[in-house]
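For the protein sequence lines, the chains are G and H, in the order given. Here the first sequence is numbered in the numbering used here, starting from 3 and rising by one per residue. Here the second sequence is numbered in the numbering used here, starting from -10 and rising by one per residue. We treat Cβ as the ideally placed atom computed from N, Cα and C, and that holds for glycine. This structure is a prediction, so every number in the text was calculated from the model and none was measured.
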Amino acid sequence: MQFQRIVTGKIKSDLYYDLIELFSGLFLAGFLGMHLIFESSIIAGKKVFNNLSQTLDENYLALAGISLVVVVFFIHFLTAGRRIPTRCKEQKIIWHHTGRLRHLNTWAWVLQIITGIIILILGSIHMWVVVTDRPIKAETSALRIQSGYLWFYVILLLLSVVHAGIGIYRQFIKWGWFPRKPLGYVIGFISIFFILLGFTALFTFLRAGGL
Amino acid sequence: MKNRELTLNIFRYDPNIPGREPYMQPYSLQETEGMTIFIALNQIRENQDPSLKFDFVCRAAICGSCGMLVNGRPRLACKTLTRDLPEVITLMPLPVFKLIGDLSVDTGSWFRQLSIKTGAWVHSDKSFNPNCQEERMSNETALKIYEAERCIECGCCIAGCATANIRDDFLGAAGLYKIARFMVDPRDERPEEKYFDVVSSEEGVFGCLGLMACEDNCPMELPLQVQLAYVRRKMALIGFRV
Ligand code: FES
């Protein structure tokens, strides 16, 4: 070993970074699922949605949850983002490589980087809007969606679910927690479910006339 | 099947000639029964272009010297049948390894570096006593080691790996597979921290992004995902212990 490595001792940062990336990612994916399920309570009616939101608010769950998510969101960006090839030369190599190889999982990774970067921007905007417009009410949400924000949410929904799906798939593969093939199907199935759920909720908001 | 007229687009480049730019050169030849890329290349070299550089030794998927990109994917030329490919075939050298010329790359130095870096030999303080009986090993362990020794070091996993393509110091699947072989070997007396030093960084298992292009392109169909995950879990455990 070289001098500089001996004097700096055992560095476990790569292990810790990897674990933080893993757990922050799992947390965010879990949150995304909960978020979509809670949000789709609008399908059962405006009352149910507002009651749910109020309960969460009264117990300070909304406040705690949102703050935690904001923090974890950026932690995840910092740890997972360290893997993004940042130098021009590297990016060029990756494009060449991916184009030549025509390998599904490698493409999925490229897609995950792209979705991740867009989510960083759109997600930040989304969080900002929600935090400054609290408490969450069916009326305000519907108004937002009806006033032209629909596309914003459609894109954010698709990107988030795809990003989370690929992320979970890759983590399970890396740690060897589940066989590859069935894992792909299970995650694909769950992702489609959440996308449909999210679309139904958005559609309900859009249709919620006379609010 | 009708024998087809194949076109092989081959990457040509000689790094030893200054000012020479790389280019693709097309060759046509008649497909024959059971033709492999190995056979096709030899025919081209014999009948059309003796200057074409490529490597072969065993032509039976044992020595691992004929790895190249066949239509963009890392393959053993001697194991790849032309009948599984379209009429137009592109051949390029494996990335990551030093290019000797045309399709020939130097995987040897890369793997030698890897062996040195990972200490790929049985580390033991025991002295050998020729009068003693050999220490026994359970059949199960022996089989595990055997499985981990099946790598022929062709470099296809390394060439397919996105990380290895941008990080010269990345051990890649072949390297981590090698380490796993010594981790299961009871004769290797290396303490756990020693492995941790070698593999538990971004150069090692934590640099792996889990893209599995290694496993999907391994000509020996080695269970790379399972082994890589094993090393990763083991390193995480050791990491919390040391
Ligand atoms: S020539 Fe030995 S593996 Fe192809």
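The ligand FES site residues, beta-carbon cut 7 Å against heavy atoms: This selection yields Phe27/H, Phe45/H, Val46/H, Cys47/H, Arg48/H, Ala49/H, Ala50/H, Ile51/H, Cys52/H, Gly53/H, Ser54/H, Cys55/H, Leu65/H, Ala66/H, Cys67/H, Lys68/H, Ile141/H, Cys143/H.
Rounded distance between the beta-carbons of Ile45/G and Ala203/G, thought under 8 Å: Locating residue 203/G in the first sequence gives position 201, counting from the first residue. Locating residue 45/G in the first sequence gives position 43, counting from the first residue. Yes, they are in contact, since the Cβ atoms of Ala203/G and Ile45/G sit about 6 Å apart, within 8 Å.
Which listed residue (Phe196/G, Ala31/G, Phe180/G, Gly190/G) has its alpha carbon closest to that of Tyr219/H: Taking the second sequence and counting its residues from 1, the one referred to as residue 219/H is at position 230. Closest option to Tyr219/H, Cα to Cα, is Phe180/G.
Test item: CB-CB of Val59/H and Ile78/H under 8 Å: Here residue 59/H refers to the residue found at position 70 when the second sequence is read from its first residue. Here residue 78/H refers to the residue found at position 89 when the second sequence is read from its first residue. Their beta carbons are under 8 Å apart, which means Val59/H touches Ile78/H by this criterion.
Three-state class that DSSP yields for Gly60/H in the structure shown: Here residue 60/H is taken as the residue at index 71 of the second sequence, counted from 1. Correcting the residue identity first, residue 60/H is Asn in this sequence and not Gly. In the structure shown, Asn60/H adopts coil according to DSSP, grouped into three states.
Per DSSP, cross-strand counterpart(s) of Asn(-2)/H: Taking the second sequence and counting its residues from 1, one reaches residue -2/H at position 9. Looking at the DSSP assignment, Asn(-2)/H forms a beta bridge with Pro15/H, Thr79/H.
Asp95/H: first and last residue of the uninterrupted beta strand (DSSP E) it sits in: Locating residue 95/H in the second sequence gives position 106, where the first residue counts as 1. 93 to 95 is the extent of the beta strand (DSSP E) around Asp95/H.
Minimum Cβ-Cβ distance from Phe195/H to chain G less than 8 Å: In the second sequence, counting from the first residue as 1, residue 195/H sits at position 206. So, interface residue.
Three CB pairs or more closer than 8 Å across the segment 23 to 37 of chain H and the segment 54 to 74 of chain G: Counting Cβ pairs under 8 Å, fewer than three are found: no touch.
Sequence-distant residues of its chain with Cβ nearer than 7 Å to Pro208/H (five each side left out): Position 219 of the second sequence, counted from the first residue, corresponds to residue 208/H. Only Ala50, Arg64, Leu65, Lys68, Cys143, Cys145 meet the Cβ criterion.
C-alpha gap between Glu138/H and Val188/H, whole angstroms: Numbered from 1 along the second sequence, position 149 holds the residue referred to as residue 138/H. Numbered from 1 along the second sequence, position 199 holds the residue referred to as residue 188/H. So the two alpha carbons sit approximately 18 Å from each other.
Within chain G, the residues that Ile155/H reaches when beta carbons sit closer than 7 Å: Counting from 1 along the second sequence, the entry for residue 155/H is found at position 166. Within chain G, the residues near Ile155/H are Pro87, Glu92, Ile95, Ile96.
Minimum Cβ-Cβ distance from Lys49/G to chain H less than 8 Å: Residue numbering aside, residue 49/G sits at position 47 when the first sequence is read from its first letter. Chain H places no beta carbon closer than 8 Å to that of Lys49/G, leaving this residue out of the contacts.
Backbone CA spacing between Leu24/G and Ile227/H [nearest angstrom]: Taking the first sequence and counting its residues from 1, the one referred to as residue 24/G is at position 22. Taking the second sequence and counting its residues from 1, the one referred to as residue 227/H is at position 238. Computed Cα separation, rounded: 18 Å.
Contact with chain G by Gln102/H, beta-carbon distance below 8 Å: On the second sequence, position 113 is the one that residue 102/H refers to. With 8 Å as the cut-off, Gln102/H does not count as an interface residue toward chain G.
One or two residues paired with Gly8/H in a DSSP bridge: For the purposes of this step, residue 8/H is identified with residue 19 of the second sequence, where counting begins at 1. According to DSSP, which records beta bridges pairwise, Gly8/H is partnered with nothing at all.
Pairwise C-alpha distance: Leu159/G and Ile197/G: In the first sequence, counting from the first residue as 1, residue 197/G sits at position 195. In the first sequence, counting from the first residue as 1, residue 159/G sits at position 157. Each residue's CA atom was taken as its position, placing Ile197/G and Leu159/G some 7 Å apart.
Rounded Cβ spacing between Ile(-1)/H and Met13/H (contact assumed at less than 8 Å): As a first step, residue -1/H must be located in the second sequence, where it is residue number 10. As a first step, residue 13/H must be located in the second sequence, where it is residue number 24. At roughly 7 Å, the Cβ-Cβ gap stays under 8 Å, so Ile(-1)/H and Met13/H are in contact.
Beta-carbon gap between Gly169/G and Ser193/G smaller than 8 Å: By one-based count along the first sequence, residue 169/G stands at place 167. By one-based count along the first sequence, residue 193/G stands at place 191. Taking 8 Å as the cut-off, the beta carbon of Gly169/G is found no closer than this to the beta carbon of Ser193/G.
Interface flag, Val215/H vs chain G, CB-CB below 8 Å: As a working note, residue 215/H is residue 226 in the second sequence. Residue contact with chain G for Val215/H: present (Cβ-Cβ distance below 8 Å to some residue of chain G).
8 Å Cβ cutoff met for Ile189/G and Gln214/H: On the first sequence, residue 189/G is found 187 positions in, with the first residue counted as 1. On the second sequence, residue 214/H is found 225 positions in, with the first residue counted as 1. Going by beta carbons, Ile189/G and Gln214/H fall outside the 8 Å limit.
Beta-carbon neighbours of Thr108/G, restricted to chain H and to distances below 7 Å: Numbered from its first residue, the first sequence carries residue 108/G at position 106. The answer, in chain order, is Ala151, Leu200, Ala202.
Within-8 Å CB hit, Met224/H to chain G: For the purposes of this step, residue 224/H is taken as residue 235 along the second sequence, with counting starting at 1. In terms of beta-carbon proximity, Met224/H lines the interface with chain G, with at least one pair separated by less than 8 Å.
Start-to-end residues for the alpha helix (DSSP H) that takes in Leu38/G: Your numbering for residue 38/G matches position 36 in the first sequence. 15 to 41 is the extent of the alpha helix (DSSP H) around Leu38/G.
Opening and closing residue of the alpha helix (DSSP H) in which Gly196/H lies: Taking the first residue of the second sequence as 1, we reach residue 196/H at position 207. Looking at the DSSP string, Gly196/H is not in any alpha helix (DSSP H), and its letter there is neither H nor E.
7 Å Cβ shell around Ile77/G - same chain, five flanking residues per side excluded: Translated into positions along the first sequence, residue 77/G becomes position 75. Closer than 7 Å at the Cβ level, and outside the excluded window around Ile77/G, lie Ile22, Ser26.
Chain G within 8 Å of Gly228/H, Cβ atoms only: Translated into positions along the second sequence, residue 228/H becomes position 239. Yes - at least one Cβ of chain G is within 8 Å of the one on Gly228/H.
Contact with chain G by Ala218/H, beta-carbon distance below 8 Å: Stepping through the second sequence from its first residue, residue 218/H is reached at position 229. It does; some Cβ of chain G falls within 8 Å.
Rounded separation between Leu(-5)/H and Glu181/H - CA only: Residue mapping note: residue -5/H aligns to position 6 of the second sequence, counting from 1. Residue mapping note: residue 181/H aligns to position 192 of the second sequence, counting from 1. Leu(-5)/H and Glu181/H: Cα-Cα distance of roughly 53 Å.
Cutoff 8 Å: Phe0/H Cβ touching any chain G Cβ: Position 11 of the second sequence, counting from 1, holds the residue named residue 0/H. Residue-level contact check: Phe0/H does not touch chain G, since none of the beta carbons of chain G fall below 8 Å from its beta carbon.
Where Leu213/G falls, given that 16 or more other Cβ within 10 Å makes a residue buried: Here residue 213/G refers to the residue found at position 211 when the first sequence is read from its first residue. Caution is warranted here: a pLDDT of 48 is assigned to Leu213/G, below 50, making its placement in the model unreliable, and no coordinate value can be reported.
Start and end residues, beta strand (DSSP E) containing Ile89/H: For the purposes of this step, residue 89/H is taken as the residue at position 100 of the second sequence. DSSP places Ile89/H in the uninterrupted beta strand (DSSP E) bounded by 87 to 90.
Burial state of Tyr229/G, where buried means 16 or more other Cβ atoms lie within 10 Å: Given a span of 3 to 213 for chain G in the structure shown, any question on residue 229/G remains unanswerable.
Listed by chain order, chain H residues near Gly83/G by CB distance under 7 Å: As a first step, residue 83/G is located in the first sequence; it is residue number 81 there, counting from the start. Those do not exist, as Gly83/G stays about 13 Å from chain H at its closest Cβ, beyond 7 Å.
Inter-residue spacing [alpha-carbon to alpha-carbon] between Cys121/H and Glu192/H: Residue 121/H sits at position 132 when you count from the first residue of the second sequence. Residue 192/H sits at position 203 when you count from the first residue of the second sequence. Straight through space, the alpha carbons of Glu192/H and Cys121/H are spaced by roughly 41 Å.
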